[in-house]
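Quick note on numbering: the sequence shown equals residues 1 to 540 in the UniProt record's numbering.
Glycine included, every Cβ here is placed at the ideal spot set by N, Cα and C.
As the structure is a computational prediction, the values presented were derived from the model and not from experiment.
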Amino acid sequence: MIKKIIYPSYSGLQPEGAAKRIRWVDTETNRSFFSILCCFFILSGMFFFLTLKGLPGNPKSTEIKDILDQPGKPFELSPERGRYAMVMSFIETGNFAMTKTLADAVYPDVGYHNGKYYSYFTPGVSLIAAPFYLIGSAFQMAQVASFSISSIFALFNIYLIYIISKKIFGLPLWAALFGGIIFAFGSNAWSYSTTLYQHHITTFLIYSSIFLTFLMKKNGKWSWIMALYIWAAYGFGAFVDYPNIILMAPAIIYFVLTTFDIKDSEKKITLSIKPMILLTSIIFFFITVIHGVYNQTNFGSWRTLSGSLIGVKSIRENTNLLSPDRKSEINKLQQKKNPVNFFKEDSVPFGLYTLLFSTDRGLFFYSPVFLLSLWGLTLILKNKSPETIVLSTTVGMVLFLYSSWSDPWGGWGFGPRYLIPALPALSIFIVYGLVRVTHQLFAKIIAFALFLFSSAVSLAGALTTNAIPPMVEAIPLHTKYNYFKNIDDLFLDKSSSFIYNLFFSKTFSLFSYFFVIYISLSILAFLILFIFPKINKNDI
């Protein structure tokens, strides 16, 4: 497309009505730019779709336990079982209390209160999934449609990495796109974009709040709407996962600080706060009240969280079924439980080792491409902007919180799933380093090689199973405790992929399916790193 722009002549004063020169500006570059973005996000969505976990049909509560909860099946682990059971309960009964059948399916992550069973998980993910469940049910695809919300939010997160890289840090197109695929396909974020977990929603809430705060600070347009969203995101974050109250704290502090106006005159320093932040905070308190009402209605007190309920497992192990005092025994167990006790500072060293370096959950073991983030961090910290600080602090907050957790492994899982909210920032650090390095070609080759390994591991996990035990549990079970288990499943054609099992399992081996996706992704990464900069030299 060609856009015509008219400029006045500068050859001297022209009489009124004199002819003007016409300069033709070619906007073909902008068109190519838009086409590249569209193709990139379509391909990214395709990769998620090809690995989405599931089976056709609308599973009944009686079909989950012992049928669909086996490794490689859609409900192989309790987090997706618990959240899906909450969707079913909410749609069918209008509340989140579960039947005995659903409680047995969700076990062991199920609590007990006043004769009713509740999932330990917060209702936010299930509330988002509920409309997708209803739409999918009409097409016998309730489970697949429900699980697709993670893929949708994963796509949003790729876009946030792209837009933060471009708008905040001024990185070129190739770097912004490569940061997106490092996060989405070079880490275990891929495995959790295909099932019903909270991680991608949490990640979206954090980074969308950071970016909107940046926009507010820059131009002030639509500030009221953006402020309302940020407060709403913080309030809803607790509905998605309780730790989000802490994980989102750096983003909220950054948001609050941008609303302060400091004026330094010769006589005095004046500090004022924009009334917008106080007025828009009403939405946060409103959502908090709703959360309190939810707790009061279901658990008997606005302060009682679902995670603090006494577990059915604990009741079975510590009470006598035939005892006439069983109710009082349950109450005593309830009084002893305090979720805060799960966090201990002396657990941090071991937790950091587990999350970063261990062979059963270590980030650098599963995704060595993130080793480059350490180097990128040293470079980006020289840019002492508020946005650099908030991203770095977010990473530190995630690491500290979950390294102090009594279960840094995240139960049975694929890689360090607790670190997923930190990975967008780490991905941005990587590409920032690639742009700023002197010997860029050499750095790109190293990054590409590390990405090839990391994405192969991630794809193997996405296509097979997340049900990988930590080493402490795997050794007594005589089973493998890292991605070597996924590689075994890959060659045994044990796949959780909805598309593969429905259309290709009788025609192609799972490894062939893996190979086609892997080569396609590798070509995309190569084009982004080495070809796109040549196409658009003005964006390097």
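- Counting along the chain, LYS217 sits inside no beta strand (DSSP E); it lies in the alpha helix (DSSP H) bounded by residues 199–218.
- With fewer than 16 other CB atoms across the displayed protein chains lying within 10 angstroms of its CB, ASN383 is exposed.
- Counting only the Cα atoms, SER347 lies some 16 Å from GLY411.
- Secondary structure note for SER119: it is in no alpha helix (DSSP H), and the uninterrupted beta strand (DSSP E) holding it is 116–119.
- For HIS291, the enclosing alpha helix (DSSP H) covers residues 282–299.
- Contact check for LYS344 against SER404 passes: the beta carbons are separated by less than 8 Å.
- Excluding the 5 residues flanking it on each side, SER137 has same chain C-beta neighbours closer than 7 Å at ASN58, in chain order.
- CA-to-CA, the gap between ALA232 and LYS274 works out to about 18 Å.
- DSSP, reduced to helix, strand and coil, places MET98 within a strand of the structure shown.
- DSSP, read as helix, strand or coil, puts ILE468 in coil.
- Between SER367 and SER187 the beta-carbon gap is near 5 Å, inside 8 Å, which marks them as a contact.
- Here SER497 carries a strand assignment [DSSP, helix/strand/coil].
- Look at GLY415 here: in three-state DSSP terms it is coil, with no helix or strand label.
- The continuous stretches of alpha helix (DSSP H) do not include GLY307, and DSSP gives it neither H nor E.
- Secondary structure of VAL437 (DSSP, three-state): coil.
- Using a Cβ-Cβ distance cut-off of 8 Å, the region 65–84 and the region 101–115 are in contact, since at least three pairs of beta carbons, one from each stretch, lie closer than that value.
- Measuring C-alpha to C-alpha distances from LEU279 to each of THR259, HIS291, LEU196 identifies THR259 as the nearest.
- Partner residues in the beta bridge of PHE343, as assigned by DSSP, are TRP405.
- Comparing C-alpha distances from LEU450 to each of SER373, ASN466, GLY415, ASN486 shows the shortest one belongs to SER373.
- The region 390–399 makes no contact with the region 173–192, as fewer than three CB pairs between them are under 8 Å.
- DSSP places ASP360 in the coil class of the three-state scheme, outside both helix and strand.
- Shortest Cα-Cα distance from GLY376 to any of ILE252, ALA447, SER119 involves ALA447.
- Three or more Cβ pairs closer than 8 Å define a contact, and the region 113–131 meets that threshold against the region 74–87.
- Counting the other CB atoms within 10 Å of its CB gives THR479 a total below 16, which places it among the exposed residues.
- The three-state reading of DSSP puts LYS274 in coil, since its state is none of H, G, I, E or B.
- Rounded to the nearest angstrom, the gap between the Cα atoms of PRO71 and THR465 is 6 Å.
- Going by beta carbons, ILE163 and PHE211 fall inside the 8 Å limit.
- Collapsing the DSSP output to three states places TYR242 in coil.
- Where TYR254 is concerned, the enclosing alpha helix (DSSP H) starts and stops at 249–258.
- For the options TRP409, VAL256, GLN440, SER392, the alpha carbon positioned closest to that of SER223 is the one of VAL256.
- The shortest C-alpha to C-alpha distance from ALA460 to any of THR507, PHE498, PHE514 is the one to PHE514.
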